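Undergrad: In this note's numbering, the protein residues as written are -6 to 470.
Glycine included, each C-beta is placed from N, C-alpha and C at the ideal position.
Just so you know, these numbers come straight off a predicted model, no measurement behind them.
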Amino acid sequence: MPKEPIKTRELAAEKRSRDFSEVVLGYSEEEALAEASRCLQCKDPKCIAGCPVGINIKKFIKQITERDFAGAYFTIREKNNFPCICGRVCPAEYQCRKACVLTKKDSPFASEAAINIHFLERFIGDFGMKEGLKVNIEPDKKISGLRVAVVGSGPAGLCCAGELARLGVGVTVFEALHATAGVLRYGIPHFRMPRDILDFEIDYLKRLGVEIVPNFIVGKTNDLSDFLKEGFQAVFLGLGAGVPSFLGVPGENLCNVYSANEFLTRVNLMSAYAFPKFHTPVNIGKHVLVIGGGNTAMDAARCALRLQKMSHIEPDTTIVYRRTEVEMPARRLEIGHAKEEGVKFKLLVAPEEFIGDEDGFVKRLRSLECKLGEPDASGRRKPVAIEGSDFELDCDLAIIAIGLKANKVLTSVTPEIKTDKYGDVVVNPQTMETSVKGVFAGGDIVGGEGTVIEAMGMAKKAAFAIKEYLYKLLEKH
Ligand code: FAD
Ligand code: SF4
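1. Assuming contact is defined by CB atoms lying nearer than 8 Å, are L240 and I393 in contact in what I supplied?
2. Would you check if the segment 306 to 321 and the segment 410 to 425 touch, i.e. whether three or more CB-CB distances between them fall below 8 Å?
3. Taking the alpha carbon of E194 as the point to measure from, which residue in F102, G440, I50, N73 has its own alpha carbon closest?
4. Using only the alpha-carbon positions, how far apart do M451 and T68 sit?
5. Can you check which of these residues, D437, D413, E442, G431, is closest to A142 by C-alpha distance?
6. Touching or not, the segment 304 to 318 and the segment 338 to 347, by the rule of three or more beta carbon pairs under 8 Å?
7. Is it buried or exposed for A434, if we count other Cβ within 10 angstroms and need 16 for buried?
8. Would you kindly work out how many angstroms separate the C-alpha atoms of E22 and I117, rounded to a whole number?
9. The alpha helix (DSSP H) spanning R357 covers which residue range?
10. Kindly indicate which three-state DSSP category T424 falls into: helix, strand or coil?
11. For a quick check, are the C-beta atoms of C388 and L230 less than 8 Å apart?
12. With 16 other CB atoms within 10 Å as the buried threshold, where does N421 fall?
13. Please identify the residue among E307, V275, D61 whose C-alpha is closest to the C-alpha of A293.
14. Where does R81 sit, in a helix, a strand or coil, going by DSSP?
15. Quick test of the definition: if touching needs 3 or more C-beta pairs under 8 Å, does the segment 435 to 447 touch the segment 49 to 61?
16. Could you give the distance in angstroms between the alpha-carbon of I459 and the alpha-carbon of A158?
17. Using a Cβ-Cβ cutoff of less than 6 Å, which residues in the same chain neighbour C93 once the five nearest sequence positions on both sides are dropped?
18. Tell me, which residues are paired with C248 by DSSP?
19. What separation, rounded to the nearest whole angstrom, lies between the Cα atoms of E461 and G43?
20. Excluding the five sequence neighbours on either side, which residues of its own chain have a C-beta within less than 7 Å of the C-beta of R359, listed in chain order?
21. So what does DSSP say about V203, is it helix, strand or coil?
22. Verify whether the separation of the beta carbon atoms of V144 and G150 is less than 8 Å.
23. Would a C-beta distance cut-off of 8 Å place M291 and A265 closer than the cut-off?
24. Leaving out five residues on either side along the sequence, give the residues of the same chain with a beta carbon under 6 Å from the beta carbon of E442.
25. Quick one, which of K134, P187, F62, Q423 has its alpha-carbon nearest L126's?
26. Tell me the start and end of each unbroken alpha helix (DSSP H) in the segment 224 to 281 that is at least 4 residues and wholly inside, in chain order.
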């Protein structure tokens, strides 16, 4: 008889949706041991291929069962620099857990019975953090002292910086914002990603010798070519995909129609949830509609609902999505949490027009009902609007969360860096090198919006290629 999966402890929905405390509390030691003991230790562990960076999942789970938590930590760290972060945000149900043999065949995402690999990873990551476990620093005498500039301090930039710093390379990270960590800090709310974890990881990088320069927009504050003049031998671009997409429907420019990026940045980076203690305000509607079905939409809706409750407004926040819940790209966990907290879902709905009042403030959303058609290029069934099915929803605050595109601030002034039709940087997939020698790239700026672990996987590959590039550079001189 297979053992039952161990659920992770969580704050109760009613309590947690009144503030920004972390929702998922993680496993205790006993719970981690019980969950790890469910692993079948397959001869051919499919889960490893399901992880974008190929963590030896079978091995680290075995080490947990042997109570060798430090060993498990170092097994994970061979491939993943930030297990505390990935254990919290990885969409494991589409990655390692989906590939687990305990997932039913042809299931669109992991079955409940699949091993909770991400919670085990989080347990081990948190153990490593608490115990102050450190991976070996292996300065490479040949390239020690050479300098690399990293642009952007999101997961891609931080991962690349860490990999190179461990080799003794002098790394400086240039970040446009005043704070580090990219989407992890300005997008993902505190209740999913506690800031002390980000601060811990960044402090660790600083202790490795990584220098971080905030408020520095590469392409505006300087020019990419300045890096070479200033003595950097290579550059890594981890620019992310920070430009929001819009629906392109009438009325989208009315007051109180936000992009999810602006809304989340105000709330999470500028602490608008604690206004007026912090200076940045954010408008809070009585009837909030969040358009989209990804992680960004869930985060925006759950923040909006919290703000309503914290402001003693009767909560009324609704996700509006063109397809059904099955096709939603958001993590299953977040969809479940949003529902438990009281976020409503209006599915198979295509927004057509925002309608405003005489002062220019949004008041309603006119939409069409949809049905599902044939699968599109993404493999998901396409929403088909039903003519004449118009209806209106009350809406005094709308948040558009339908995707993000490449930020072209840097690439528009460096045409020598080849980009594709979406503005994403084109790289050699083996080395992550761009069309400019010595300039590498990874993360969401390559191939568009992805996941944290994918961004880190690309950065790790780039760091390895940068090392090889530095070797060759030295050979020439
Ligand atoms: P980013 O995190 O975007 O970081 C890029 C950094 O570069 C930013 O700090 C930016 O300010 C800086 N920058 C840009 N241009 C310049 C310049 N010219 N000069 C200097 N600095 C510059 N993924 C998951 O795996 N799980 C999740 O649960 C999840 N939730 C998400 C929720 C939201 C709201 C969003 C928006 C995304 C989410 N994602 C999630 C996706 C994930 O966050 C991204 O795939 C990941 O952050 C990409 O990392 P990156 O380093 O490429 O880019
Ligand atoms: Fe799974 Fe993500 Fe951990 Fe890989 S990094 S094992 S995909 S949770």
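TA: According to the structure data:
1. Contact flag set, yes.
2. no
3. Nearest option by C-alpha distance: N73.
4. Their backbone Cα atoms lie some 19 Å apart in a straight line.
5. If we check each option's Cα against that of A142, G431 comes out closest.
6. yes
7. With 16 or more other Cβ atoms within 10 Å, it is buried.
8. 10 Å
9. Per DSSP, R357 belongs to no alpha helix (DSSP H); it is in the beta strand (DSSP E), 355 to 368.
10. The answer is coil: DSSP assigns T424 none of H, G, I, E or B.
11. no
12. exposed
13. V275
14. Look at R81 here: in three-state DSSP terms it is helix.
15. Using a Cβ-Cβ distance cut-off of 8 Å, the segment 435 to 447 and the segment 49 to 61 are not in contact, since fewer than three pairs of beta carbons, one from each stretch, lie closer than that value.
16. 12 Å
17. If we look at C93 and ignore the five residues flanking it on each side, its Cβ neighbours are C40, A107, I108.
18. C248 pairs with F354.
19. 28 Å
20. E345, E346, I348, D383, E385
21. coil
22. The answer is yes: Cβ separation under 8 Å.
23. no
24. Hits under 6 Å: A234, L397.
25. Among K134, P187, F62, Q423, the Cα nearest to that of L126 is on F62.
26. 253 to 257
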